[in-house]
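Peer 1: Chains as they are written, first to last, in this note's numbering: chain Y, 103 to 481; chain W, 103 to 481.
Protein chains: 2
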Amino acid sequence: MFGKGEEKSAGRLVRRFGGSRVLIHYGGGSAVRSGLLDRVKKSLDGEGVSYIELGGVRPNPRSGLVREGIELCRKEKVDFILAVGGGSAIDSSKAIAAGTLYDGDFWDFYTGKPITEALPVGTILTISAAGSEGSGDSVITNEDGMFKRGASGEAIRPAFSILNPELTETLPAWQTACGITDIIAHLLERYLTNTKDVVTTDRMIEGLMLAMIEEGPKAMDHPDDYEARANIMWAGMMAHNNSCGVGRSQCWNSHDIEHELSALYDCAHGAGLAVTFPAYLTYVWRHDPERLRQLAVRVWGCEDDPENPEAVILEGIGRYRAFLRRIGMPLTLEEIGGREEDIPKLANSACRGNGRGGTLDGFVSLTEEDVANVYRLML
Amino acid sequence: MFGKGEEKSAGRLVRRFGGSRVLIHYGGGSAVRSGLLDRVKKSLDGEGVSYIELGGVRPNPRSGLVREGIELCRKEKVDFILAVGGGSAIDSSKAIAAGTLYDGDFWDFYTGKPITEALPVGTILTISAAGSEGSGDSVITNEDGMFKRGASGEAIRPAFSILNPELTETLPAWQTACGITDIIAHLLERYLTNTKDVVTTDRMIEGLMLAMIEEGPKAMDHPDDYEARANIMWAGMMAHNNSCGVGRSQCWNSHDIEHELSALYDCAHGAGLAVTFPAYLTYVWRHDPERLRQLAVRVWGCEDDPENPEAVILEGIGRYRAFLRRIGMPLTLEEIGGREEDIPKLANSACRGNGRGGTLDGFVSLTEEDVANVYRLML
Chain Y
103 MFGKGEEKSA GRLVRRFGGS RVLIHYGGGS AVRSGLLDRV KKSLDGEGVS YIELGGVRPN
163 PRSGLVREGI ELCRKEKVDF ILAVGGGSAI DSSKAIAAGT LYDGDFWDFY TGKPITEALP
223 VGTILTISAA GSEGSGDSVI TNEDGMFKRG ASGEAIRPAF SILNPELTET LPAWQTACGI
283 TDIIAHLLER YLTNTKDVVT TDRMIEGLML AMIEEGPKAM DHPDDYEARA NIMWAGMMAH
343 NNSCGVGRSQ CWNSHDIEHE LSALYDCAHG AGLAVTFPAY LTYVWRHDPE RLRQLAVRVW
403 GCEDDPENPE AVILEGIGRY RAFLRRIGMP LTLEEIGGRE EDIPKLANSA CRGNGRGGTL
463 DGFVSLTEED VANVYRLML
Chain W
103 MFGKGEEKSA GRLVRRFGGS RVLIHYGGGS AVRSGLLDRV KKSLDGEGVS YIELGGVRPN
163 PRSGLVREGI ELCRKEKVDF ILAVGGGSAI DSSKAIAAGT LYDGDFWDFY TGKPITEALP
223 VGTILTISAA GSEGSGDSVI TNEDGMFKRG ASGEAIRPAF SILNPELTET LPAWQTACGI
283 TDIIAHLLER YLTNTKDVVT TDRMIEGLML AMIEEGPKAM DHPDDYEARA NIMWAGMMAH
343 NNSCGVGRSQ CWNSHDIEHE LSALYDCAHG AGLAVTFPAY LTYVWRHDPE RLRQLAVRVW
403 GCEDDPENPE AVILEGIGRY RAFLRRIGMP LTLEEIGGRE EDIPKLANSA CRGNGRGGTL
463 DGFVSLTEED VANVYRLML
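So, in structure tokens, the structure goes:
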């Protein structure tokens, strides 16, 4: 459901998807202060749906709160989870939804066990960024070691999502910018493919990136520009519901490299991506100069020069960095609180931590030394 | 489900969406001759799903066969309809699905009654064109007067669709070209909007059109180019599942103008659109020169000249016509068997036939005289 005031549909939608006893799962106080939570509860009341609440989700959502949520859902016989917030509230809700129906420890799903069943999840989105509102993915930070891992499955793709762009108009500029950065990263991860001749999805990805480049600065300059907020919100969902990613290999190396940063320094995921992605592109573009040149020309508007691809590609990466700076994002490790001396540890954790096999495999395969070099490009 | 051999999933998917007694609804002999129907039946047998068959759907599907299908479904207690074919088989299946659960005459849905329930429909697509595999729309020709009307509703959006691009490799070139034309028309109808600042969906539409312009001729020249077929198949679905049409007014005048042609002359819908759409754009571009100029520049690659928009726009329409000719489409009324003397009758039927209110309302509002002028531009 998309549009102004659509949160009033929450009760009706929960009913339609079989919910009668709901856990409302949310983050900090902004959903409370803005009155959003009250409007959602009123909508549930209106349909005779009962509910309990669990707030306190924080950015880079933690395993501890997931366990608390699972216990609560079992005790209270919850049959539907309603996430109110951004990617963190939604990802935490998905983890609770899968964990509640599972006999073992929910973390098993974040180390490779397929998710085959879960309570239905609905979302009321307040930040355009993670795309979790349309995806079957969830990322959680394990507090026992502070590292992030992801889980996926159709069973945790939301039954419905309510996207009201007005709800994002009061976001701080920083969060808006982090969201824009995350959306572009989700598109780039699908763009960096080794599958040949995927013209339709290439063109869709390019179109969505162009929309973000056009609309992102508008939302930064005029936070209450409803149309810009709406364009970003729809792009954020389309960027990650995989309409643009089907039938092509994808590259999640940048996300894996970034997750070490946000886990260790607790920086915003979007900020970590702003630092990571240009460095990653700089390190790997030689793997497929034609694709990276196409990106520079079609998306970043560089003049084409087939005789001198390196110049075109580096200019494209430069424009990407200038765009990130324009919306207020950091570009170096230092700016997110990182330190050069942590690089070996970061690279080791990305490649070998917690069961990883020694390389990051996507568009290219990166050894631990490669990953360390990518981190060095962030200095 | 997308990819080679995916029709083998039919039985499992029917089961997943609650079917146990299926009507397989299809068109002519190609699904039989190619062995597709046998593979589908084997898949259903493998899951213990019983089925009956109703073939004989023809292009511009007719009300009579729909009524036959409804009777059959009631008598045989069918609980799931599986369409095997293109838009005609799927649209006919949707009509049967809604009609079976309705006490009155199914045609009520095609004169404005909302569809609130229907048997679930699955599809196995054999032609990339109509996009009915992803949409909640259906168009049927009423044999009592030979006119076409559409019905819409979430209840008739397919529960699943199986898209195997290989199945389209044996299509005659003519049908491939008609499909490409239809897909571009579905994108243009969404592009012709009066909603301001819809940058994200604009960019998605442009991207999908660029993909069709690139991939269409490849499939024409090399019918067994799997990648081209796959790009076209995904674009056909994305063009009409409304991911690109949400939140913006659309313009279905061209479809309404075309439907009179295919109803009266029984030409292929795609061929009728090839004749109609450039004529329509030529007649209406002054309503929003900026939008039509943007189309010419971004999609048809015309050099921009803000001082002389008419030249840019007409060059864009010219390139569109050249593209249609390149893939073998007709461009004039005569080429589809039309006659100048029918124009008043066509215009009258489009605007006033069967309960219509006198004007066609979309991007612009057209009177009967306007519609006649659009037909004259096809001479």
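Think of the CB as a built atom: it goes at the ideal place given N, C-alpha and C, for glycine as much as any other residue. Computed from a prediction, not measured in an experiment: that's the story for all the values here.
Counting only Cβ pairs nearer than 8 Å, list the residues of chain W close to residue 104 of chain Y.
Peer 2: The sequence position of residue 104 of chain Y within the first sequence is 2, counting from 1. By Cβ distance, chain W contributes 348 and 349.
Peer 1: Determine which residues of the segment 322-340 of chain Y have a Cβ less than 7 Å from any Cβ of chain W, and write them out in chain order.
Peer 2: Listed by position, the residues of the segment 322-340 of chain Y near chain W (Cβ gap below 7 Å) are 329, 332, 333, 336, 337 and 340.
Peer 1: Just checking, does the segment 270-277 of chain W make contact with the segment 325-336 of chain W on the three C-beta pairs under 8 Å criterion?
Peer 2: Yes, the segment 270-277 of chain W is in contact with the segment 325-336 of chain W.
Peer 1: Hey, is residue 302 of chain Y's beta-carbon within less than 8 Å of any beta-carbon in chain W?
Peer 2: Locating residue 302 of chain Y in the first sequence gives position 200, where the first residue counts as 1. Yes, contact with chain W.
Peer 1: For residue 196 of chain Y, which of helix, strand or coil comes out of DSSP?
Peer 2: As a position in the first sequence, residue 196 of chain Y is number 94, starting the count at 1. Of the three classes helix, strand and coil, the one that applies to residue 196 of chain Y here is helix, per DSSP.
Peer 1: Show which residues of chain Y have a CB atom less than 7 Å away from the CB atom of residue 309 of chain W.
Peer 2: Your numbering for residue 309 of chain W matches position 207 in the second sequence. Residues of chain Y passing the Cβ test: 305, 306, 308 and 309.
Peer 1: Would you mind reading off the limits of the alpha helix (DSSP H) that contains residue 251 of chain Y?
Peer 2: The residue you call residue 251 of chain Y lines up with position 149 of the first sequence. Per DSSP, residue 251 of chain Y belongs to no alpha helix (DSSP H); it is in the beta strand (DSSP E), 249-254.
Peer 1: Do residue 192 of chain Y and residue 174 of chain Y come within 8 Å of each other at the CB atom, strictly closer than that value?
Peer 2: Here residue 174 of chain Y corresponds to residue number 72 of the first sequence, with the count starting at 1. Here residue 192 of chain Y corresponds to residue number 90 of the first sequence, with the count starting at 1. Not in contact: residue 174 of chain Y and residue 192 of chain Y (Cβ atoms no closer than 8 Å).
Peer 1: May I ask you to list the residues that DSSP assigns as paired with residue 124 of chain Y?
Peer 2: Here residue 124 of chain Y is taken as the residue at index 22 of the first sequence, counted from 1. BP columns for residue 124 of chain Y point to Y:153 and Y:182.
Peer 1: Where does the unbroken alpha helix (DSSP H) through residue 262 of chain Y begin, and where does it stop?
Peer 2: Locating residue 262 of chain Y in the first sequence gives position 160, counting from the first residue. Where residue 262 of chain Y is concerned, there is no enclosing alpha helix (DSSP H), although the beta strand (DSSP E) it sits in stretches over 262-265.
Peer 1: Drop a sphere of 10 angstroms on the beta-carbon of residue 259 of chain Y, count the other beta-carbons inside from all chains shown, and report buried for 16 or more, exposed for fewer.
Peer 2: Indexing the first sequence from 1 puts residue 259 of chain Y at position 157. Residue 259 of chain Y is buried by the Cβ-count criterion.
Peer 1: Ordered along the chain, which non-local residues of its own chain (more than five positions away) have a Cβ less than 7 Å from that of residue 312 of chain W?
Peer 2: Locating residue 312 of chain W in the second sequence gives position 210, counting from the first residue. Closer than 7 Å at Cβ, skipping near neighbours: 401.
Peer 1: Using C-beta distances below 6 Å, list every residue in its chain close to residue 265 of chain W, excluding the 5 sequence neighbours before and after it, in chain order.
Peer 2: Here residue 265 of chain W refers to the residue found at position 163 of the second sequence. Cβ neighbours of residue 265 of chain W beyond the five flanking positions: 104, 227 and 335.
Peer 1: Distance, Cα to Cα, residue 150 of chain W vs residue 468 of chain Y?
Peer 2: Position 48 of the second sequence, counted from the first residue, corresponds to residue 150 of chain W. Position 366 of the first sequence, counted from the first residue, corresponds to residue 468 of chain Y. Roughly 48 Å between the two C-alpha positions.
Peer 1: What number of angstroms, rounded off, separates the C-alpha of residue 436 of chain W from the C-alpha of residue 158 of chain W?
Peer 2: If you number the second sequence from 1, residue 436 of chain W lands on position 334. If you number the second sequence from 1, residue 158 of chain W lands on position 56. Residue 436 of chain W and residue 158 of chain W: Cα-Cα distance of roughly 29 Å.
Peer 1: Unbroken beta strand (DSSP E) runs of length 3 or more, entirely within the segment 323-409 of chain Y: which are they?
Peer 2: As far as the segment 323-409 of chain Y is concerned, it has no whole beta strand (DSSP E) run of at least 3 residues.
Peer 1: Compute the distance between the beta-carbons of residue 202 of chain W and residue 172 of chain W, then report whether it is under 8 Å.
Peer 2: The residue you call residue 202 of chain W lines up with position 100 of the second sequence. The residue you call residue 172 of chain W lines up with position 70 of the second sequence. Yes.
Peer 1: Give a yes or no on whether 8 Å exceeds the smallest Cβ distance from residue 298 of chain Y to chain W.
Peer 2: By one-based count along the first sequence, residue 298 of chain Y stands at place 196. Taking Cβ atoms only, chain W reaches closer than 8 Å to residue 298 of chain Y, which makes this a yes.
Peer 1: Please tell me whether residue 312 of chain Y has its Cβ less than 8 Å away from any Cβ of chain W.
Peer 2: The residue labelled residue 312 of chain Y in the question sits at position 210 within the first sequence. Taking Cβ atoms only, chain W reaches closer than 8 Å to residue 312 of chain Y, which makes this a yes.
Peer 1: Determine, using beta carbons only, whether residue 244 of chain Y and residue 371 of chain Y come nearer to each other than 8 Å.
Peer 2: Here residue 244 of chain Y refers to the residue found at position 142 when the first sequence is read from its first residue. Here residue 371 of chain Y refers to the residue found at position 269 when the first sequence is read from its first residue. In this structure, residue 371 of chain Y does not lie closer than 8 Å to residue 244 of chain Y by Cβ.
Peer 1: Is residue 254 of chain Y near residue 296 of chain Y, with beta carbons less than 8 Å apart?
Peer 2: Position 152 of the first sequence, counted from the first residue, corresponds to residue 254 of chain Y. Position 194 of the first sequence, counted from the first residue, corresponds to residue 296 of chain Y. Contact flag unset, no.
Peer 1: Which value, in whole angstroms, describes the spacing of the CA atoms of residue 133 of chain W and residue 186 of chain W?
Peer 2: Working through the second sequence from its first residue, we reach residue 133 of chain W at position 31. Working through the second sequence from its first residue, we reach residue 186 of chain W at position 84. Residue 133 of chain W and residue 186 of chain W: Cα-Cα distance of roughly 7 Å.
Peer 1: DSSP beta-bridge partners for residue 244 of chain Y?
Peer 2: Mapped onto the first sequence, residue 244 of chain Y falls at position 142. In DSSP, residue 244 of chain Y forms a bridge with Y:249.
Peer 1: Could you say if the segment 117-134 of chain W and the segment 389-396 of chain Y meet the contact criterion of at least three C-beta pairs nearer than 8 Å?
Peer 2: No, the segment 117-134 of chain W does not touch the segment 389-396 of chain Y.
Peer 1: Output needed for residue 146 of chain Y: all residues of its chain with C-beta closer than 7 Å, excluding positions within five of it in sequence on either side, in chain order.
Peer 2: The residue labelled residue 146 of chain Y in the question sits at position 44 within the first sequence. Excluding positions up to five away in sequence, the list reads 112, 113, 116, 124 and 153.
Peer 1: With a threshold of 8 Å between beta carbons, is residue 271 of chain W in contact with chain Y?
Peer 2: Counted from its first residue, the second sequence places residue 271 of chain W at position 169. Not one chain Y Cβ lies under 8 Å of residue 271 of chain W.
Peer 1: Determine the chain Y residues that contact residue 345 of chain W at a beta-carbon separation under 7 Å, and present them in chain order.
Peer 2: To locate residue 345 of chain W, count along the second sequence from 1; it is residue 243. Under the 7 Å cutoff, chain Y gives 340 and 345.
Peer 1: Kindly indicate if chain Y contains any beta-carbon less than 8 Å away from that of residue 316 of chain W.
Peer 2: Position 214 of the second sequence, counting from 1, holds the residue named residue 316 of chain W. So yes, residue 316 of chain W belongs to the interface.
Peer 1: Would residue 365 of chain Y and residue 248 of chain Y qualify as a contact pair, given that the criterion is a beta-carbon distance under 8 Å?
Peer 2: Along the first sequence, one-based indexing puts residue 365 of chain Y at 263. Along the first sequence, one-based indexing puts residue 248 of chain Y at 146. Yes.
Peer 1: Which residue marks the beginning of the beta strand (DSSP E) containing residue 227 of chain W, and which one marks its end?
Peer 2: What you label residue 227 of chain W is simply residue 125 of the second sequence in a count that begins at 1. From DSSP, the beta strand (DSSP E) with residue 227 of chain W extends over 223-227.
Peer 1: For the 8 Å Cβ check, are there 3 or more pairs between the segment 373-383 of chain Y and the segment 271-288 of chain Y?
Peer 2: Touching, yes.
Peer 1: I need the boundaries of the alpha helix (DSSP H) containing residue 450 of chain W, first residue and last residue.
Peer 2: Taking the second sequence and counting its residues from 1, the one referred to as residue 450 of chain W is at position 348. Element bounds for residue 450 of chain W: 445-454.
Peer 1: Return the bridge partner residues of residue 468 of chain Y from the DSSP annotation.
Peer 2: As a working mapping, residue 468 of chain Y is identified with position 366 in the first sequence. The partner list for residue 468 of chain Y (beta bridge, DSSP) reads Y:462.
Peer 1: Please report how far the alpha carbon of residue 413 of chain Y lies from the alpha carbon of residue 411 of chain W, in whole angstroms.
Peer 2: Reading the first sequence from its first residue, position 311 is the one you call residue 413 of chain Y. Reading the second sequence from its first residue, position 309 is the one you call residue 411 of chain W. Their backbone Cα atoms lie some 34 Å apart in a straight line.
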